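Data block below; observations after.
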Amino acid sequence: MNPFTHDVTRRRFLQALGAGGAAGALASVLPDELMALARPLPLGEPILVSLFLGGGLDGAHMLVPSGANDYGHYVGQRGALAVDLAATLPLTADASLNAVMPRLHARAQRGEVAFVRGVDLLGSSGFDPLSHFDKTDYVMSGRSTPGGPSGIWARWADTQPDNPLLLSTVSFGLPRMFSGGAKPQATSLPAALNFALGAGSTRDETLLAAALEDLASDYSATSSALDARLAHSAKFSIETTRELAGIYPAAVPNESALTRSLRVIAALINANLTGTRVYGTVHGGYDSHENQRYDLEQKLLPDLDASLEAFFAALADPSPVVVMVWTEFGRRPQANTSGTDHGTCNNVIVLGPRVAGGVVGAQPSFDSAQLDANGNLRGAIAFEQIYAELIDRHLGGDSRAILGAPYAPLHILR
Amino acid sequence: MLNPDDVAHLCRRTGFGATAQEVAFLAAEYASLPALVDALLADSRLAAAPVYASPPPAMSPPACASVEPYFETLAMGRWVLDRMKDARFVRSFVTTNGVRKKKKRKKLLRQRAAEEASRASWPHPLREKMVLFWHGLLVSSLDKDLVYCHHSTLRAQNLLFREKGLGDFGALLEATSVDPAMLYYLDNWISTKDNPNENYARELLELFSLGVGSYSHADVVAAAQAGTGYTINPATGVDHVFYSPAHDYGDKTFDARTGNWDLVGRAGGASSLDLVEHLVTANGKGQVAARTLAKLLWQHFAHFTPAQSVVDQIASAALASGRVNVTAALRAIFTHAEFYGPAARTGKLKNPVEFVVTLLGALNLAAPYDAEQRLDVVQYLMSDMGIQLFHQPNVFGWWRRPETRWISLPAFQSKQLAAGYLALVAVQNAAHPLLAWVRGAPDSGAAAMFSALGAPQPAGSPVLARAVRLLTDLRAAGADDATTAIRAFQFVASTPQVQTN
C-alpha cells in the first residue's frame, strides 16, 4: 500500500505551504484541491535532473576537439595541457571523449547522450561573463537580459500545479535556478536523512516531534516573518522526513558526494512520493586554474563518469528521466602553467533514453584569429535553446512565455 | 540607564550574546549607546595583539597523503568555536557609574583596570566575530589539494585575521594578498610574468574589494601581472616569499592608469604603483571598496537589505580618514539608528556558527571530540547547517546570499542532531545544570533553558508554555532525567526565539 494516505499528505502539503515563506499566492487554493497535490506522478511523467558542475569544467579536456583542423589549434593553445588523442575514445569525426570516461562513452555509443557544443549566453550584457557567480546567476535565471532574479525552473514551476516539492535539490541550499518563483515549489533535501522521527521512533522522540510540529500553530502559515518561516520549516521538515525516511538509500563507504546525491535522486524518483519534476544537485571543484590534468583525469571526470552510471543503474525506470550536465563557463583556450583561466562557452551534456544522441553544434575554434577580444571561444548556441528544448519537448510548458522569446529547436530529444 | 533590550541586541550582533548580568551592567554603566559602542571598541584587548590562554593547536609539516590535515584542521575549528564560546565583553563588574567623589572613582577605575588586565586572554567577542566574517569573505578552504597539503597555512591565516581584522582594511588586504593559504587557494603562487594566473586577481577585484561592474577584464589581466612573483618559499612550503625573476616589472594599465603596477608594492621596481593601496585609498578606488565593504558589514551585523543611503553613510564613515577603515565602519553601523530599528531587530537568523556557539555556551561545554573514534560530531553536522569552518565550498564565501537559505530541511535536521548530541554529552556529567533544570518544576526548568540559550521568555510566553508541556508529557510518559533533558533541550534550541539573533 502506498504509505502516502490522503489524510497524511493533505495535512503535510497544507503545512508545507508555509515553509517556503511566499505562500500568499497559494492561500486562495481550496483545501480539497490541495489534496490532489499528493498524487504521485503518472507513469512516464517526464523528469529532469540538472547536475551543475560549479567552477567551470574545461569542456575541451572532456570532449576533445579532435577534428583535423581543430586539434592543431587546440594543441597550439593548450600546449602540454592538451589531451593526447591516443588517450581519447572517438565519438565523431571531430569529437573524442577523454578516455577516463568509458561508461559515458559506452552510453553515447548507444545513442543516449547529446553533447551540445559552444553553448553560452548570447547577446547578453550587464554582467561580468568571466565571473563564476555573475555568470551562474544569469545562466540559472535563463534570461539573456537582466530581468528579475527568478530562476528558470522556478518560473517553469509557476506554470505547474502546486507542490512544494515540485523542484527538489539534493545539495545545500536552493540554487538560483529554483529560486525566486511566485509560488513556493522548491525544497532542499539532505544527502542523508538522520533525524529519527519517523515510524518506529521512541515515545520521547514522538513527543519531541509533535511539540516541534505544533510550534507552527503559533504562527501564520502565510507570514514571511523569520520566526514564522522557522516554525513552519520545522513542521515541514519533520513531516517530509517521516515520509521519506524509508526510501533513502543506505550509505556506501567512500562513496563520492556526487554519486551519493545522484543515488538519492534515483531513490526519490523510484519511490515516486514527492511529485518532483525537476531535481537539482550542485557540486564544485571544477575551477581548474592549476593542476588541471591531474584534477580532471584522476578525480573529477572519473567521478562524473561513475556517478552518472550509478544513477542510471539505480533507476527502476530510466525512460522518463533526462539529465542535463552543465557548468557556468568553459576555460580560456590559452593555458597558463598547469591550468586555465575563466572562459566563455562550453558543452552541455544531455543524456537519457529519450535523448537523440550525437554531437550537436560546431566546435568553437581554438584558432587565435577566431577568438574574442579576451582570447576566448565564441559560442553559437544559446543556453535558452537547451531550456526551450527541455520545456517544449520534455517537461511540457510554454518555453516562449517562460524564456520571454522563441528559441530555435535543437532536436536533441526524441 | 540604557534600554537593556538595545544592549542585549548589540551584544548578540557584535558577539555571541551576553549574560543577563553583563547586559544589566553595561546598561547601567554607560549613558548612551555611542558611549557603550566606543567603550566596546576601545577595549584594550582590541588595541593589542591577541593573547591566547591556550595556543591554537599545533599542526604537522606539509603532507598530502596523510589524513592528519583533516583532523588537525578540525582541532583548529574546535579551538575557534571554544574562543567564541568563551568570549566576554565584560571582564570586570566594578562600576564607577554614579560615583562622584574623584578619589573613590579613581580607586574604582584602578581596581577595574587591574581585573581587566588579569583577564587579558579572555577573547573579545567582536574580534571573534570579525575573524568569522573574514574567514567567510577572504576565503581559503581546506577543500583544495594544495591547501590540504599545507594545512598549517589555514591556521596562520586565522591568526592573521585575528591580528588585522579590525582597523585599516588596506593592511588586511595587503597581508591577505601574500598570505600562503590564499596564495595556494587562488593560485597566485604559480603566477609568473610569462604565465600570469588570473584567479587571485579576479577575486581580489570582484569579491574582495570592488564588486562586479567596477572593473574590466583588462583590469583583471593587469592585476594578475602586478601580482606575479608573490609566491611560496619552496624550502618550507608554508611561507611567503617574493621571487623577482617571476615578477612583471613592465608597464600595465590598471584603472585607466599606465605604470609599473605592483600588487602590494614590495617588488622594488622603479616608480611602482601599489595596486592594493590604490584599491583602499580615497584618491584611488577607496570609495567603491568602502561601499562594498560597508554593505557586506551591514548585512552581516544588521540585516540583509540596507537602503543605499545607509550603505553610503557607513562607507563615508569608513573612508573618513582617507583610507578604508573597518573599525570606523563598525562604529558607524553600531551607532546607526537603523541598527536598533525593527528591520535589524527581527531580520537576522543565527548563522550555523552562532547557533553552535549558543549551544556550547548554554551547556558550558568545550566543543566535544571523541578522540578514540576521531569523531567531531558537531563540526560534521555543521556542513549540513551551511557552514563548516575551514571548508568553504568556494571563494564566494558565506555572507553574500540571504541567510534565509539556512532555513531548510537539511539544516533543521542537523541542528536537531547537534542540540541532541551536545545535551547527551552534557548529561554524562551527573552534576550538569541541565539535569537539575529538568528535575525541578517544569516551568522553571523550561525558563532556565531559554535563558541559557540567550532567549529569556517572559511568563505567559506561548513558546515557554509549549516547552513546559513537553517536559510534563515526557515525565508522564516515564522518560528518565537524561532523556527528558535531551529532548527538552532539542525543542528549546529549535524554537524561533533561539534560532534568531
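Chains as they are written, first to last, in our numbering: chain S, 11 to 424; chain A, 1409 to 1909.
From the three backbone atoms N, C-alpha and C, an ideal C-beta is built for every residue, glycine too.
Quick caveat: nothing in here was measured; it's all calculated off a predicted structure.
In the DSSP assignment, A1710 of chain A falls outside any alpha helix (DSSP H), carrying neither H nor E. If you compare the alpha carbons of A:D1720, A:S1548 and A:F1747 with that of A1698 of chain A, the shortest gap goes to A:D1720.
Non-local C-beta neighbours of D1587 of chain A in its own chain, meaning closer than 8 Å and more than five positions away in sequence, comprise S1548, T1561, A1564, Q1565, L1568 and H1648, ordered along the chain. In the DSSP assignment, P1642 of chain A falls outside any alpha helix (DSSP H) and carries neither an H nor an E.
Within chain S, the residues placing a beta-carbon under 9 Å from that of H1625 of chain A are D138, P139, L140, A383 and N384, ordered along the chain. For the set A:P1760, A:V1718 and A:N1759, the Cα lying nearest the Cα of T1743 of chain A is the one of A:V1718. With its beta carbon at least 9 Å from every one in chain A, P259 of chain S lies outside the interface. Proximity of the stretch 69-76 of chain S to the stretch 84-101 of chain S meets the contact definition, three or more beta-carbon pairs being nearer than 8 Å. Counted as a single uninterrupted DSSP element, the beta strand (DSSP E) harbouring A105 of chain S occupies residues A105 to N108.
Pairing D1595 of chain A with H299 of chain S gives a Cβ-Cβ distance under 9 Å. For N357 of chain S, the closest C-alpha among the options S:Q373, S:V59 and S:P50 is that of S:Q373.
Neighbours of D1595 of chain A across chain S, judged by C-beta separation under 8 Å: H299, E300 and G349. Of A:A1416, A:A1831 and A:P1760, the smallest CA-CA separation from Q1796 of chain A is found for A:P1760. Ranking A:A1432, A:Y1478 and A:V1445 by CA distance to the CA of L1783 of chain A puts A:Y1478 first. Assignment of V74 of chain S by DSSP, reduced to helix, strand and coil, places it in the strand class.
Among the residues facing chain A, F182 of chain S is included, as its CB has a counterpart in that chain under 9 Å away.
Taking a Cβ-Cβ cut-off of 7 Å, the neighbours of A1887 of chain A in chain S comprise D214, given in sequence order. By DSSP's assignment, V369 of chain S forms a beta bridge with S:F125. With a 10 Å radius around the Cβ and a threshold of 16 neighbouring Cβ atoms, E1614 of chain A comes out buried. Beta-bridge annotation (DSSP): F1662 of chain A is paired with A:R1665. When only Cα atoms are considered, V126 of chain S and N108 of chain S end up about 16 Å apart. Per the C-alpha coordinates, the member of A:F1424, A:F1897, A:G1423 and A:L1448 positioned closest to L1434 of chain A is A:L1448. Beyond the five residues adjoining it in sequence on each side, F1820 of chain A comes within less than 8 Å, by CB distance, of S1902 in the same chain, given in chain order.
At a cut-off of 9 Å between C-beta atoms, D1792 of chain A counts as an interface residue with respect to chain S. The straight-line gap separating the alpha-carbon atoms of A124 of chain S and R1813 of chain A is approximately 34 Å.
Against R239 of chain S, the close residues of chain A are T1812 and I1815, in the order they occur along the chain (beta-carbon pairs closer than 8 Å). Assignment of beta-bridge partners to V331 of chain S by DSSP yields S:I57. Taking a beta-carbon distance threshold of 9 Å, L1554 of chain A counts as an interface residue toward chain S. A:L1687 is the residue among A:E1762, A:A1896, A:P1458 and A:L1687 whose C-alpha sits nearest the C-alpha of N1733 of chain A. Beta-bridge partners of D1670 of chain A (DSSP): A:D1682.
For V1620 of chain A, no alpha helix (DSSP H) encloses it, and the DSSP letter there is neither H nor E.
For G1621 of chain A, the closest alpha carbon among the candidates S:D138, S:G54, S:G385 and S:E253 is that of S:D138.
Checking the DSSP bridge columns, you'll see I391 of chain S partnered with S:V129.
The beta carbon of F1662 of chain A does not come within 9 Å of any beta carbon belonging to chain S, so the residue lies off that interface.
Within the model, the alpha-carbon separation for L381 of chain S versus G389 of chain S is close to 10 Å. For V1871 of chain A, the chain S residues whose C-beta falls within less than 8 Å of its own C-beta are L225 and D228, listed in chain order.
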